[in-house]
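Heads up: the sequence lines are chains A and B, in that order. Under the numbering used here, think of the first position of the first sequence as -11, with each following residue one higher. Under the numbering used here, think of the first position of the second sequence as 2, with each following residue one higher. Report on the following structure.
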Amino acid sequence: MKSRPGFVLEVDKSTPPILVWHGEGFKVQKMPVDSRIIYPKEPISALEDPDTAVRQALENPLGDTKPLSELLFPSMKLTIAFDDVSLPLPPMEAPDNRQRVIEAVLNLAAEKHVEDVVLIAALALHRRMTDAELKHCLGERIYNSFAPNGLLLQHDAEDPDNLTYLGKTEKGEDVEINKRAAESDLIVYININLVAMDGGHKSVATGLSSYRSIRHHHNVATMQHSRSFMDQSNSELHSSNWRIGRFLANEGVKVFQIETTLNTDTFPKQFSFLQKREWEWTFKDRLSFSSVSKALELTPGNLKTSIFNSIKAPHRLTSVQAGEVEAVHRVTTENVYHQQIVQVDGQSDILSLGLPYISPYNVNSIMNPILVACLGLGYFFNLYKGKPIVKKGGVVIMSHPTPLAFHPVHHPSYIDFFDQVLSETTDPMEIQTNYEEKFATDPWYRHLYRTSNAYHGVHPFYMWYWCAHALDYLGRVIIVGGNHQAVKRLGFASATTFNDALEIAQDVVGSSPSITHFHVPPIAIAEVS
Amino acid sequence: MKAIQLEKSYAKFAGALVANKLRGHGSSMSSMPLRLSELNEFRLPGDEWTYIYPIMSGICGSDIKTIQAKSSRMLEHLVSFPFVPGHETVAIRADNNKRVVVESLLSCKALNIDSCEFCKQDLIDKCQCQEFSSIAPGLQIGFTKDIPGGWSEFSMAHSDQLYEIPDDMSDEDAVLVEPMACAIHGVLKIQREMLNTFNDIPLVAVIGAGTLGLCTTAALRHFYKDSIKILTSTKYPYQRKLAKICGSDYHSNTQNYLTTVRHLTGSFITGPALTYGADVVIDCVGSKESLHAAITTVKPGGQIVLTGMPSKANLDLSLLWQRQITLTGAYTYSTEVSHLNNANNAKTFELAINASKEMGLGRLVSAKYSLDNYEAAIEHAIDAGKRDSTKIVFTNNKADLIKKLQRRIQ
């Protein structure tokens, strides 16, 4: 079935109220006449026989590399690295792409009598995955074969004994990666490229790296010069990762890259109205919306979080590419764009966003205020190619309850960042200069990162830097329906309703602003002319 | 003369206690054992005493605790009822018309008795003779029925208790001298070896950001300059700004105090406490919770200075023992013998006058009330934090006082 492309709806009197995400819930909102709504493209068709597609990709690699089977030999040291729990969003129904691909890689390795095989979750500075998360991502069979024998590892960016320092790039970036990976005859890296930013050299250069190395591209200057993260040719984040990736290749670190793309079939059947255009809602959709909304209203907070965390997306594999990193990533990026690009004609004074319950860093967790800021200004604002949807000096209005709540196990340094840093300043450069090192080297955060399920001490800083481009670019950020105290601490304005937000925005954009609502998720990338 | 008098009414104390428990901080004035009275002039208790006219007198946390029946009964023998409270007083001396601040503590000399061993050394804070003179028992002026405190139009003091203040010092700065003296006394009790630290720069944590906490923060900055880092734990958001003005480097709220100390000292969390912690913690609250916070956040072998007036508290002291923590009480003011050169053998009050003026502590005065409006004043003081306020004071009309003074001279 051919999917309909994304498009921009010009709102008129007959346009029905639209669905707007609001954290662990959603609401309907009437948009002003003459405003625009960007709708994502419908999910494209999945591969009919994904397992065969994977095998074919491994045997028909892209770029200057041999088929995987020819790169494998019995005495070799093989490391299979894979993306962590931050991808995809929401977590996908089993089998996960990683399971599918790793099983194929392991079959080939077995055929070639490779004995020294280790699996590594490429955490970078993310939290360690739980056993349940690893099982879901890899499947019981792989987990049970590797985990009990200590062959399923999670990258530890703070373990000096298991990191290898390889030198500096021509721009002075330190290159330090996982020792096992560095010493392997071959790294096979399995990606889930949910958005165009994912994958490429970033996989190894970030995923298997350390703070010493990552700080060279996860910083304010880099983030402000990444316009956007979804457009590699205009992203300093990518340029830095590419330099590091090429440096690794020159140092003899051999990577066989496997990248997979998904369609945007994001929500299970009971939530199917979430990805339909409102005027096409059937009676059943309206009934579902109303009953789900009502039920959520009556559900206590913790239970609501559990319900949303249990959602598994029916994403399906749409392409798989394997081979040399850059050649693979070029094709993958085109495939991501094929699903996600929507042409948008011109910018607006105001960008309106409904922020959902999930971001890459609160899977099975709590969306704390810093993650709300990052999801809105770091991710959604940056879902563009060409120019941002909103004009320079314009206003972003985000709808999210922004609860003053943190997951104490997953986000301990976020709590302190919120209390100790944002209470003093919200200026990303000042934060980087005055506070980053102390958090990054804090032994307690290091301990929790290494032994518990905590994000690295520096991680909340990166979330804030992720917003740096938007913070520098925008005239004002308004959160609708957020916890007033939390919103104030973030340095944003609070509004009770969307109309209040429009009124507040008038100071910045005048009384007749142009407005665009970006109707995501499902994910789309606006190519703004 | 008008004065606010605190009676010993068991029924009213019980009422205050119940009202306090029922309503948390807030208490109904009707259940308070206070009343505005018209009192006859008191007789001077000795030759070296003089009459004074209070211009401004602060409402202290210890006054509120007494009014609310929350203070310790251990000190009941050192109080005589009914008394006129007010021990943070700026006044005009009747005998020479000079503006003074009152060192309210009652020691042997003021009590007209032979000096005890402590008083011989000018260590008046340690004097325990308040029960043994002709003056009815009272820890300080403002706690004895024989000498009215500053919540009145008329008071008196021993000439040794009066410190003349410079003409260019405001009444507001002056009314903060007594709390600042208490703060300085606490700060100068920090033992030098406690500041030998694992941290780059020693960290001193101050729990509480009411008047005493803010004065303590200011005193730390005043005496230690940049040789220490100061963390002030605040309860209300507005206190952060004041803490910073007073010299705090870091702040935390009550909830994240422990994690802030942890982060600043690179500690791990072990059970309820930290592996390292602040080098010194100054507890300016004196509650069970603040003492627990102090014990769990001071470094092993560190020092807690208890400046806030405590009362009966059920507290687990096993960490105090296991972590070998020094707990130091700091009561009022005296003569300072400190490792800090500039404070050697100086009267705390003299140090406080200079510090309060220099640091402009008068900015901590949030509201002024007349004696007639005492109910509103006390309610404001009880809810000061919630009402973004710090120091609440009573004031008397200066012109009226001068008239009274002139009449007396005539």
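We put the beta carbon where it would ideally sit given N, CA and C, even for glycine.
Are any of the Cβ atoms in chain B nearer than 7 Å to that of W432(A)? Yes, because at least one Cβ of chain B sits closer than 7 Å to the Cβ of W432(A).
In whole angstroms, what separates the C-alpha of L321(B) from that of I178(A)? L321(B) and I178(A): Cα-Cα distance of roughly 54 Å.
Just checking: is the beta-carbon of F271(A) within a distance shorter than 7 Å of some beta-carbon in chain B? For F271(A), the closest Cβ of chain B is not nearer than 7 Å.
Contained alpha helix (DSSP H) runs [length at least 4] in the segment 209 to 245 of chain A, N- to C-terminal order: Fully enclosed alpha helix (DSSP H) runs of 4 or longer: 224 to 238.
Would a check of beta-carbon distances place M78(B) closer than 7 Å to chain A? Looking at the sequence provided, one finds His at residue 78(B) rather than Met. No - not a single Cβ of chain A is within 7 Å of the one on H78(B).
For F269(B), the three-state DSSP class (helix, strand or coil): DSSP places F269(B) in coil when its eight states are reduced to three.
When every heavy atom of the ligand HEM is checked, does at least one fall within less than 6 Å of the C-beta of V106(A)? In the structure on display, the ligand HEM does not appear, and there are no ligands present to speak of.
DSSP three-state call for Q256(B): helix, strand or coil? Note: Q256(B) maps to coil in three-state DSSP.
When the Cα of L182(A) is compared with those of S172(A), R86(A), R274(A), D0(A), which residue comes out closest? Per the Cα distances, R86(A).
Contiguous alpha helix (DSSP H) assignments of at least 4 residues, all confined to the segment 160 to 212 of chain A: For the segment 160 to 212 of chain A, whole alpha helix (DSSP H) runs of length 4 or above, ordered along the chain, are 167 to 170, 190 to 195, 199 to 202, 208 to 212.
With 16 as the cutoff for other CB atoms within 10 Å, does V338(B) come out buried or exposed? Counting Cβ neighbours within 10 Å, V338(B) comes out exposed, since fewer than 16 surround it.
By the criterion of Cβ-Cβ separation under 9 Å, what are the contact partners of C270(B) in chain A? Note on residue identity: the sequence assigns Ile, not Cys, to residue 270(B). Going along chain A in sequence order, the residues near I270(B) (Cβ under 9 Å) are W432.
For R36(B), list the residues DSSP reports as bridge partners. R36(B) pairs with Q6(B).
Quick check on the burial criterion: 16 or more other C-beta atoms within 10 angstroms. Buried or exposed for F133(B)? Of the residues assessed, F133(B) falls on the exposed side of the cut-off, its CB having fewer than 16 other CB atoms within 10 angstroms.
Have a look at K508(A) and S214(A) and give me their C-alpha separation to the nearest angstrom. Checking the displayed sequence, the identity of residue 508(A) turns out to be Val instead of Lys. One C-alpha to the other measures close to 21 Å.
Cβ-based burial, D186(A) [other Cβ within 10 Å; buried from 16]: By the neighbour-count criterion, in which 16 or more other beta carbons inside 10 Å mark a residue as buried, D186(A) falls on the buried side.
Cβ of D404(A) less than 7 Å from any chain B Cβ? When Cβ-Cβ separations below 7 Å define contact, D404(A) makes contact with chain B.
Just checking my contact of I338(A) with A458(A) at CB under 8 Å: how many whole Å lie between their CB atoms? A458(A) and I338(A) do not touch by the CB rule: their CB atoms are close to 14 Å apart, not below 8 Å.
Give the range of the alpha helix (DSSP H) segment to which W322(B) is assigned. In the DSSP annotation of this structure, the continuous segment of the alpha helix (DSSP H) that includes W322(B) starts and ends at 319 to 323.
V21(A), buried or exposed, once every other Cβ within 10 Å from all chains shown has been counted against 16: By the neighbour-count rule (16 or more Cβ atoms within 10 Å), V21(A) is not buried but exposed.
Using a Cβ-Cβ distance under 7 Å, would D147(A) count as near chain B? No, because no Cβ of chain B sits closer than 7 Å to the Cβ of D147(A).
List, in chain order, every chain E residue whose beta-carbon is nearer than 9 Å to that of T261(B). In the displayed structure, chain E is absent; the protein chains listed are A and B.
How about the segment 166 to 180 of chain B and the segment 106 to 117 of chain B: do they share at least three Cβ pairs that are nearer than 8 Å? Output reads no: the segment 106 to 117 of chain B does not touch the segment 166 to 180 of chain B.
Around the C-beta of I283(B), are 16 or more other C-beta atoms found within 10 angstroms, so that it is buried, or is it exposed? By the neighbour-count rule (16 or more Cβ atoms within 10 Å), I283(B) is buried.
At the 7 Å Cβ level, is G267(B) part of the contact set with chain A, yes or no? Among the CB atoms of chain A, one or more fall inside 7 Å of the CB of G267(B).
Assign W230(A) to buried or exposed, taking buried as 16 or more other Cβ atoms, counted over all protein chains shown, within 10 Å of its Cβ. The residue is buried, with at least 16 neighbouring Cβ atoms inside 10 Å.
Counting pairs of Cβ atoms below 8 Å between the segment 85 to 104 of chain B and the segment 61 to 72 of chain B, do you hit three or more? Under the 8 Å Cβ criterion, the segment 85 to 104 of chain B counts as touching the segment 61 to 72 of chain B, having at least three qualifying pairs.
I want to verify the contact list: residues of chain B whose CB lies under 7 Å from the CB of H435(A), in sequence order. Taking a Cβ-Cβ threshold of 7 Å, the residues of chain B close to H435(A) are F269, in chain order.
Taking only runs that begin and end inside the segment 355 to 399 of chain B, name each unbroken beta strand (DSSP E) of 3 or more residues, in chain order. Runs found: 366 to 370, 392 to 396.
Which residues in the same chain have their Cβ closer than 8 Å to the Cβ of D389(B), if we skip the five residues on either side of it in sequence? For D389(B), where only same-chain residues beyond five positions count, the Cβ hits under 8 Å are Y237, Y239, S367.
DSSP on D104(A), reduced to helix/strand/coil? In this structure, D104(A) counts as strand in the three-state DSSP scheme.
Whose Cβ in chain A lies nearer than 8 Å to the Cβ of S234(B)? For a Cβ distance threshold of 8 Å, nothing in chain A lies close to S234(B): the least Cβ distance comes to about 12 Å.
Are the beta-carbon atoms belonging to G248(B) and A219(B) less than 7 Å from one another? Cβ distance < 7 Å, so G248(B) and A219(B) count as in contact.
Would N257(B) pass as an interface residue toward chain A - the criterion being a Cβ-Cβ separation below 7 Å? For N257(B), the nearest CB of chain A lies under 7 Å from its own CB, placing it at the interface with that chain.
Please tell me whether A170(A) and T157(A) are closer than 7 Å, where the distance is taken between their beta carbons. No, they are not a contact pair.
Under 7 Å between C-beta atoms of T235(B) and N254(B): Their beta carbons are under 7 Å apart, which means T235(B) touches N254(B) by this criterion.
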